[in-house]
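Undergrad: Take a look at this one; I'll ask things after.
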Amino acid sequence: MIILKELAIRTTTAIFFVLIIVSGISFNPWTFFTLFLIIIIGTLNEYYTIIRLARSIPQKTMGIVTGILLFAVSFFNAIGIVDGKFFAIVIPFIFLIFIFEIFANNRYPINNIAYTILGIIYIALPFSLANYLILKSGNVHLVTANSNTNNIIDQFGVITNFSYNKINFHPNILLGIFFLTWINDTGAYLTGVTIGKNRLFPRVSPKKSWEGSIGGLIFTIIGAYIISRYFIELSPTNWFVVAFITVIFATLGDLTESWFKRSLKIKDSGRILPGHGGLLDRFDAIIMVIPFVFTYFKLFL
91 MIILKELAIR TTTAIFFVLI IVSGISFNPW TFFTLFLIII IGTLNEYYTI IRLARSIPQK
151 TMGIVTGILL FAVSFFNAIG IVDGKFFAIV IPFIFLIFIF EIFANNRYPI NNIAYTILGI
211 IYIALPFSLA NYLILKSGNV HLVTANSNTN NIIDQFGVIT NFSYNKINFH PNILLGIFFL
271 TWINDTGAYL TGVTIGKNRL FPRVSPKKSW EGSIGGLIFT IIGAYIISRY FIELSPTNWF
331 VVAFITVIFA TLGDLTESWF KRSLKIKDSG RILPGHGGLL DRFDAIIMVI PFVFTYFKLF
391 L
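Whatever position you read off the sequence shown (first residue = 1), add 90 for this note's numbering.
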């Protein structure tokens with residue numbers, strides 16, 4: 091009975107989680123912005139809470155504020171409201187972390203600074219890059235006021251003739267990446283518990299197996315084929331490439347977070363998702379996948 095109850099809790103949480111993610115991404119740019127802003131705040135909060143177990147006192151407020159700022163500037167740049175010069179706003183906040191540590195007078199100041207900035211890079215940066223996977227406006231490549239376009243930019247870098255009609259909102263690309271990540275996770279789990287024998291990385295995650303990883307790859311390739319039939323924003327070939335990227339880096343993302351938790355001697359990053367742990371437990375794979383998919387898109391598409 092206890093096992094069935096736990097399974098019911100996990101299943102219910104998973105259904106609501108998927109519905110919220112899919113709805114937030116699909117509806118419009120502003121639901122995407124709101125949802126991922128909440129995710130960034132929650133995930134960074136979890137990270138800065140558990141990292142205190144590493145004899146560190148990270149600057150949680152500064153880390154979260156800087157992460158929010160990075161995501162917001164990325165969103166408004168991707169959507170075409172501001173140009174690239176606004177990223178300069180983020181730079182002083184990074185160095186304020188160093189300055190504030192002087193006045194905090196805590197032990198291990200280098201650890202505190204390093205762990206604070208690590209949270210921004212590890213969590214806020216990947217989610218900020220997601221803006222460029224889902225949004226593409228007529229202004230997205232505009233970085234200077236001297237560009238040969240019809241856009242009008244004031245002295246502050248704000249595009250004054252911005253039109254929402256210029257926005258190309260492509261939720262299917264980011265949705266496809268999420269779907270492939272979930273398919274890989276599910277396929278690896280089902281295959282691993284069925285025939286898994288050879289441990290993949292026992293020092294970090296004793297339960298993961300090579301058989302599970304291969305099963306995840308097969309499931310994900312099949313998933314990429316199905317997705318390519320409906321999400322035509324990318325060619326089938328590109329979806330297969332994204333699938334391979336997902337299998338490799340989703341697994342490494344999961345191992346990375348497992349390594350973090352093992353070093354801190356904790357099981358879950360939080361308890362906000364009944365039966366699943368914390369937000370970082372659910373997004374550990376996707377935050378490692380997004381930067382590599384983004385890089386592939388930038389270099390080859």
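Note that beta-carbon positions come from the ideal geometry of N, C-alpha and C, so glycine has one too.
(1) If contacts are defined as beta-carbon pairs under 8 Å, then G132 and L125 qualify, I think. What distance do you get, rounded to the angstrom?
(2) Classify P296 as helix, strand or coil using the three-state DSSP reduction.
(3) What three-state label does DSSP hand K357 in the structure shown?
(4) From the DSSP secondary-structure annotation, give me the bridge partner or partners of F259.
(5) Ends of the alpha helix (DSSP H) at A372?
(6) With distances taken from CA atoms, which of S325, T341, H260 is nearest S299?
(7) Specify whether the segment 322-334 and the segment 355-363 touch according to this definition: at least 3 beta carbon pairs, one from each stretch, less than 8 Å apart.
(8) For F122, report the span of its alpha helix (DSSP H) as first-last.
(9) I need the DSSP call for R145, collapsed to helix, strand or coil.
(10) Figure out for me which residue from F390, P381, K175, I111 has the closest Cα to the Cα of A214.
(11) For the segment 268-285 against the segment 381-391, do three or more pairs of beta-carbon atoms, one drawn from each stretch, fall closer than 8 Å, so that the two count as touching?
(12) Label P296 either buried or exposed according to how many other C-beta atoms from any shown protein chain fall within 10 Å of its C-beta, with 16 as the threshold for buried.
(13) Identify, in the order they occur along the chain, each residue of the same chain with its Cβ nearer than 6 Å to the Cβ of S318, setting aside the five sequence neighbours on each side.
(14) Run the CB neighbour count on A278, radius 10 Å, all protein chains shown included, and call it buried at 16 or more, exposed below.
(15) Would DSSP call R100 helix, strand or coil?
(16) Among I338, L345, F268, which residue has its Cα nearest to the Cα of P292?
(17) When you compare the CB positions of R352 and L363, do they come within less than 9 Å of one another, or not?
(18) How about I377 and Y212: are their beta carbons less than 9 Å apart?
(19) Could you give the C-beta distance for L134 and I154, rounded to a whole number, given that I count them as a contact under 8 Å?
TA: The relevant details are as follows:
(1) Residue 132 sits at position 42 when you count from the first residue of the sequence shown. Residue 125 sits at position 35 when you count from the first residue of the sequence shown. About 11 Å separates the two Cβ atoms, so there is no contact after all.
(2) What you label residue 296 is simply residue 206 of the sequence shown in a count that begins at 1. P296: strand per DSSP, three-state reduction.
(3) Here residue 357 corresponds to residue number 267 of the sequence shown, with the count starting at 1. K357: coil per DSSP, three-state reduction.
(4) As a working note, residue 259 is residue 169 in the sequence shown. Its beta-bridge partners are L225.
(5) Taking the first residue of the sequence shown as 1, we reach residue 372 at position 282. For the record, residue 372 in the displayed sequence is Arg; it is not Ala. Looking at the DSSP string, the run of the alpha helix (DSSP H) that includes R372 is 369-373.
(6) Reading the sequence shown from its first residue, position 209 is the one you call residue 299. Residue T341 is the option with its Cα nearest to S299.
(7) no
(8) Along the sequence shown, read from residue 1 onward, the residue named residue 122 stands at position 32. 119-140 is the span of the alpha helix (DSSP H), which, as asked, contains F122.
(9) As a position in the sequence shown, residue 145 is number 55, starting the count at 1. Here R145 sits in coil by DSSP.
(10) Against the sequence shown, residue 214 aligns to sequence position 124. Checking every option, the nearest Cα to that of A214 belongs to P381.
(11) no
(12) In the sequence shown, residue 296 corresponds to position 206, counting from 1. Exposed, because fewer than 16 other Cβ atoms sit within 10 Å of the Cβ of P296.
(13) Translated into the one-based positions of the sequence shown, residue 318 becomes position 228. These residues qualify, in order along the chain: P326, W329.
(14) Within the sequence shown, the letter at position 188 stands for residue 278. The residue is buried, with at least 16 neighbouring Cβ atoms inside 10 Å.
(15) As a first step, residue 100 is located in the sequence shown; it is residue number 10 there, counting from the start. Residue state, collapsed to three classes: helix.
(16) Here residue 292 refers to the residue found at position 202 of the sequence shown. Among I338, L345, F268, the Cα nearest to that of P292 is on L345.
(17) Your numbering for residue 352 matches position 262 in the sequence shown. Your numbering for residue 363 matches position 273 in the sequence shown. Not closer than 9 Å, so no.
(18) Against the sequence shown, residue 377 aligns to sequence position 287. Against the sequence shown, residue 212 aligns to sequence position 122. Yes; because the gap between Cβ atoms is below 9 Å, this pair is in contact.
(19) Translated into positions along the sequence shown, residue 134 becomes position 44. Translated into positions along the sequence shown, residue 154 becomes position 64. 5 Å between Cβ atoms; contact.
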